[in-house]
Amino acid sequence: MNAPVIISVLDDPWTIPLDRIDPSDARLFQDDVWPDWFARLRRDDPVHFTAESQFGPFWSVTKYKDIMKVETNPAVFSSASGITLLDQETQYKLAMFIAMDPPKHDVQRNVVAPIVAPGNLANMAGTIRQRAAKILDGLPRNETFDWVEHVSIELTTQMLATLFDYPFERRRELTYWSNVATTNFKDPAALVKSEEERFTELKKMAAAMTELWNERVNAPLRPDLISMLAHGEATRDMDPVEFLGNCTLLIVGGNDTTRNSISGGLWALNKHPDEYRKLRENPGLIPGMVPEIIRWQTPLAYMRRTALEDYDLGGKTIRAGEKLAMWYISGNRDPDAIDNPDRFIIDRPRPRQHLSFGFGIHRCVGNRLAELQLTILWEEIMQRFPFIEVVEQPKRVFSAFVHGITSMVVRIPG
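Numbering (numbering that gives the first Met the number 0), first residue to last: 0 to 413.
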């Protein structure tokens, strides 16, 4: 029996038999052809079963309303078996609070939540603006350069170093570990080729973070993530694997969403010149444009859950023990929930009606920090550059999980 996978991303998504569609095929995202494949599923098979894939059998939930049903029912749809489709071998499975169910999830999440409380965000705003201005003022004019490397990665990595109070001169280690944590082993350019190699590299991160923990556990509580974990009643007695898992979660969460939205927003404006013109005429639209960028990009394409009991969803029965992917990237393009979802509209009404941050108890704890960084960056961009031209198609991450851009060549006229 042939595996029901896509033979080629050049296949016609509208005529291929449904049982041949595997939405977890990373080529769909690297080649940026995913929209029609998910439109087909939303129309013809919104709760779709893939019998064989790189990750084994799984369900795909592709409609906004069905994703919300899963998100708001953690008693049936558990995170404890992991948030990606990859079933890790037990010895390499990382415990992290996003991959936990209540009550443990709630108490660990509450330990780190104060770092993104409104008062702390207000304190960070000046630092973010200063750094964004310095990065932008250092960019070349009238020559091409990689926006991802010089802006997207640099701004988010500087913020990560601040959140962890990590040695600033070593901040690119955080970017590297984030990439290691999310790499797809099938990618010819993968940083690591197996779970064993991934775990080996992440243990280096754990060693660096443990050194910081040991410095801070007996010192007064400070407003950084390591100090918060070391002093938190629910986290100070974590075992080493759980500490590694939570550090990985916080690094990836603080990195991928913002980094790829910074890149994706500039690409979206270049693809929609009328919206770019609208922005130039009225920079006051930036606060509403930011959540539209995050919807449009959807930096994490899906989150996984595992059914704890049989459940009927969209006319299908998901059996206890089966895993499913909530495809945020598809729900964000669902015309039954969002008007004109395939258009990037910077003054869209109710722009925060998107799924990119998840929903319910697992909603991204740093969502307001991500929005703050993007808002400040675009305010500083529009004060300097009326137009930034993307001169080549972006190069994209080989992943069905991280919907990211690895390189994007631009030019700033000047």
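No residue lacks a Cβ here, since even glycine has one placed at the ideal position from N, Cα and C.
On the DSSP letters alone, give me the boundaries of the alpha helix (DSSP H) that residue i sits inside.
i: residue 240; result: 239-270
i: residue 41; result: 33-43
i: residue 299; result: Premise fails: residue 299 is in no alpha helix (DSSP H) and is neither H nor E.
i: residue 329; result: 327-330
i: residue 69; result: 63-70
i: residue 387; result: Here residue 387 belongs to no alpha helix (DSSP H), and DSSP marks it neither H nor E.
i: residue 420; result: The question about residue 420 has no answer, for the chain in this structure spans 0 to 413.
Considering residue i, what are the terminal residues of the beta strand (DSSP E) in which it resides?
i: residue 418; result: The first residue shown for the chain is 0 and the last is 413, placing residue 418 beyond what the model contains.
i: residue 17; result: Run containing residue 17: none; DSSP gives neither H nor E here.
i: residue 128; result: No beta strand (DSSP E) holds residue 128; the alpha helix (DSSP H) holding it covers 117-136.
i: residue 410; result: 408-410
i: residue 312; result: 310-312
i: residue 337; result: Where residue 337 is concerned, there is no enclosing beta strand (DSSP E), given that its DSSP letter is neither H nor E.
i: residue 13; result: Looking at the DSSP string, residue 13 is not in any beta strand (DSSP E), and its letter there is neither H nor E.
i: residue 144; result: 143-145
i: residue 57; result: 57-60
i: residue 28; result: Counting along the chain, residue 28 falls outside any beta strand (DSSP E), though it belongs to the alpha helix (DSSP H) covering 26-29.
i: residue 48; result: 46-49
i: residue 344; result: First-last for residue 344: undefined, no H or E at that position.
i: residue 316; result: 315-317
Tell me which residues share the same chain as residue i and place their Cβ nearer than 8 Å to its Cβ, disregarding the 5 neighbours each side in the sequence.
i: residue 391; result: 407, 408
i: residue 416; result: This structure gives no information on residue 416, because the portion of the chain shown stretches from 0 to 413.
i: residue 316; result: 309, 310
i: residue 13; result: 35, 39
i: residue 277; result: 284, 345, 346
i: residue 209; result: 239, 242
Tell me which residues share the same chain as residue i and place their Cβ nearer than 7 Å to its Cβ, disregarding the 5 neighbours each side in the sequence.
i: residue 319; result: 306, 307, 308, 309
i: residue 147; result: 262, 404, 405, 406, 407
i: residue 291; result: 343, 344, 345, 347, 350
i: residue 124; result: 371, 375
i: residue 70; result: 325, 357, 358, 359
i: residue 130; result: 154, 157
Under 9 Å between the Cβ atoms of residue i and residue j?
i: residue 300; j: residue 48; result: no
i: residue 324; j: residue 303; result: yes
i: residue 375; j: residue 63; result: no
i: residue 274; j: residue 56; result: no
i: residue 154; j: residue 257; result: yes
i: residue 36; j: residue 22; result: yes
i: residue 133; j: residue 397; result: no
i: residue 39; j: residue 333; result: no
i: residue 328; j: residue 33; result: yes
i: residue 343; j: residue 271; result: yes
i: residue 66; j: residue 330; result: yes
i: residue 211; j: residue 243; result: no
i: residue 463; j: residue 176; result: This structure does not reach residue 463, given that the chain is present from 0 up to 413, and the question cannot be answered.
i: residue 187; j: residue 119; result: no
i: residue 84; j: residue 400; result: yes
i: residue 259; j: residue 174; result: no
i: residue 68; j: residue 312; result: yes
i: residue 412; j: residue 140; result: yes
i: residue 73; j: residue 60; result: no
i: residue 52; j: residue 30; result: no
i: residue 286; j: residue 381; result: no
i: residue 389; j: residue 265; result: yes
i: residue 50; j: residue 18; result: yes
i: residue 207; j: residue 165; result: yes
i: residue 144; j: residue 279; result: no
For a test of your reading of the model: does the CB of residue i fall under 8 Å from any non-hydrogen atom of the ligand MN? Yes or no.
i: residue 122; result: For the ligand MN, the structure offers nothing, since it holds no ligand at all.
For residue i and residue j, which I take to be in contact (beta-carbon distance under 8 Å), what is that distance rounded to the nearest angstrom?
i: residue 225; j: residue 163; result: 6 Å
i: residue 138; j: residue 149; result: 6 Å
i: residue 127; j: residue 371; result: 7 Å
i: residue 373; j: residue 240; result: Actually they are not in contact, since the Cβ atoms of residue 373 and residue 240 sit about 33 Å apart, beyond 8 Å.
i: residue 156; j: residue 170; result: 5 Å
i: residue 416; j: residue 179; result: The requested residue 416 is not part of the displayed model; the chain covers only 0 to 413.
i: residue 228; j: residue 245; result: 7 Å
i: residue 353; j: residue 395; result: Residue 353 to residue 395, Cβ: 20 Å. No contact.
i: residue 252; j: residue 363; result: 7 Å
In chain order, what residues of the same chain lie with their CB nearer than 6 Å to the CB of residue i, ignoring the 5 residues before and after it?
i: residue 366; result: 356
i: residue 189; result: 182
i: residue 135; result: 379, 383
i: residue 204; result: 176
i: residue 192; result: 184
i: residue 417; result: This structure leaves residue 417 out entirely; the chain is present only between 0 and 413.
i: residue 335; result: none
i: residue 377; result: 285
Would you verify that the beta carbon of residue i is, or is not, closer than 9 Å to some beta carbon of chain B?
i: residue 39; result: Protein chains in the displayed structure number just one, and chain B is not present.
Those runs of the alpha helix (DSSP H) which lie wholly inside the segment 165-243 and span at least 4 residues
171-181, 194-215, 224-230
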